[in-house]
Amino acid sequence: MLLAHKERGALGLVGPLGEALARAVRACTEPEFGPFLLTPVPSARRAVAARGHDPTRRVALAAAARLRATGHPARVIALLRQRRTVADQSTLGPRERLANLSGALGVADRAARSARDLPVVLVDDVLTTGASLAEAARAVTAAGREVAGAAVVAAPPAVFHAGVRRLQEL
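In structure tokens form, the structure reads like this:
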């Protein structure tokens with residue numbers, strides 16, 4: 179479903195994908211919930227142009243609407259911007275992804291002044307290696323903002339289980 183929405187423009191799937199992301203946001207922010215700013219990890223400009231839409235932002239907007247409908251105040255803010263061109267991540271391994279994204283994101287000045295006191299929940303479509311979310315968290319915290327959590331629509335089983343194991347070790 180995610181790939182159909184993202185790569186083939188199946189925009190009608192945004193509802194179920196938004197619900198999945200809303201559930202992930204609830205899970206990463208409970209027991210204290212909201213208000214929060216959902217901040218999509220930005221896609222490369224060329225990818226957005228090629229697709230004709232920004233799938234992560236579209237799903238984040240749907241998730242925020244679902245959250246508000248159930249009494250959980252949330253809104254989407256485009257806090258992050260790409261500061262430089264990055265390579266296509268799809269062919270890169272974990273270390274290469276980290277290097278590719280290191281320092282690539284920054285916080286947009288105008289957006290940074292918006293709702294300054296609200297914590298940020300980073301949102302992305304797929305968790306592959308965590309490099310995108312790590313870079314997003316670095317940029318947000320470097321700008322003096324609080325990151326309350328991160329939520330994704332999907333993660334491959336191996337990545338999900340590795341993350342659970344890391345959490346259990348803490």
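If you read the sequence shown in our numbering, its first letter stands for residue 179, the second for the next number, and so on.
Backbone N, C-alpha and C define an ideal beta-carbon position, used for all residues, glycine too.
Distance check for S268 and L283, CA to CA, integer angstroms please.
18 Å
Out of R223, T306 and G193, which has the shortest C-alpha to C-alpha gap to P272?
T306
A332: which of D302, R204 and R262 sits nearest, CA to CA?
D302
Relative to the C-alpha of R253, which residue among A242, V299, G193 and K184 is closest?
A242
Within a Cβ cutoff of 8 Å, which residues of the same chain sit near E185, ignoring the five residues on either side of it in sequence?
R229
Within its chain, find whatever has a CB closer than 6 Å to the CB of R259; leave out the 5 residues flanking it on each side and keep chain order.
G284 and A286
Using a threshold of 8 Å, state whether the C-beta atoms of A240 and G193 are closer than that.
yes
Could you tell me which residues DSSP puts in a beta bridge with T217?
L300
With DSSP as the reference, please indicate the residues paired to V254 in a beta bridge.
Residue pairing by DSSP places V254 opposite L216 in a beta bridge.
What is the rounded straight-line gap between the Cα of A329 and the Cα of V264?
Rounded to the nearest angstrom, the two C-alpha atoms are 22 Å apart.
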